[in-house]
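Numbering (the working numbering), first residue to last: 1 to 237.
So, in structure tokens, the structure goes:
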């Protein structure tokens, strides 16, 4: 998989991309991540990537031309069709289902938004889609881009040592994950649930499923309702 990130702050990515699983995935060739500085596609001596917005109002808007020129260059160099994302508070919510879909894309391009947003024509003419990681505002789109990259890359085959572990993650089956425990058996008077020490795998799986369902019902009623609808649909003849 290839991921290109269009940003005015490429140095922000150096740390996250050079550590742990993302570093190993890059070193093994499972993913190639390239950082594209949008200032390289400007044509003024100040390398401006933003300007005042038409219609007035506070805040600057990212210019369309540098983004479109960068996308044109990437398209000419692309190994195949690419999916273009714009990080934006107005975008559709990024979730596990979207991460799964994006992990099957051969070439992903992420454009990091800034200021009051991106000139709408960049989004319109590129055919990209806006994506949000939550209902809050950040100082820029670099952190959301990192979240998307991390969530997508770990789903690539072979990136995480045990794919069974990925399949047990929160959201994989539409539920939050169950409680997890490790050694020691007792911490400050609190013991590991007995069922997890029983060695009875069927009972352990039953307990984990019950805990996952209860946790989802209490903490994420939206996910719980969606889970119930999906389960009902699967049971229909």
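For each residue, glycine too, the CB sits at the ideal point set by N, CA and C.
My assumption, with CB atoms under 8 Å, is that residue i sits in contact with residue j. Please give the rounded CB distance.
i: residue 6; j: residue 111; result: 5 Å
i: residue 64; j: residue 122; result: 4 Å
i: residue 132; j: residue 90; result: 7 Å
i: residue 257; j: residue 3; result: The structure shown does not extend to residue 257, since the chain spans only 1 to 237, so no value can be given for it.
Measure the C-alpha to C-alpha separation of residue i and residue j and round it to an integer number of angstroms.
i: residue 22; j: residue 153; result: 7 Å
i: residue 181; j: residue 220; result: 22 Å
i: residue 214; j: residue 225; result: 12 Å
i: residue 117; j: residue 147; result: 19 Å
i: residue 306; j: residue 125; result: Residue 306 lies beyond the residue range present for the chain, which begins at 1 and ends at 237; the question has no answer from this structure.
i: residue 187; j: residue 48; result: 56 Å
i: residue 211; j: residue 178; result: 5 Å
Using alpha carbons as the reference points, say which of the options lies closest to residue i.
i: residue 15; options: 143, 222 and 195; result: 143
i: residue 54; options: 148, 119 and 208; result: 119
i: residue 137; options: 185, 126, 114 and 27; result: 114
i: residue 195; options: 187, 186 and 207; result: 207
i: residue 106; options: 58, 1, 230 and 235; result: 1
i: residue 28; options: 71, 151, 156 and 43; result: 156
i: residue 102; options: 204, 58 and 149; result: 149
Pull up the DSSP beta-bridge partners for residue i, would you.
i: residue 203; result: Residue 203 pairs with nothing; no bridge assigned.
i: residue 123; result: Note: residue 123 sits in no beta bridge, so no partner.
i: residue 132; result: 93
i: residue 114; result: DSSP, once it has assigned bridges, lists no residue as partnering residue 114.
i: residue 177; result: According to DSSP, residue 177 bridges with nothing at all.
i: residue 51; result: 61
i: residue 232; result: Answer is none; residue 232 lacks a bridge partner.
Using 10 angstroms around the beta-carbon of residue i, count the other beta-carbons present and answer buried if the total reaches 16, otherwise exposed.
i: residue 61; result: buried
i: residue 41; result: buried
i: residue 216; result: buried
i: residue 174; result: buried
i: residue 128; result: buried
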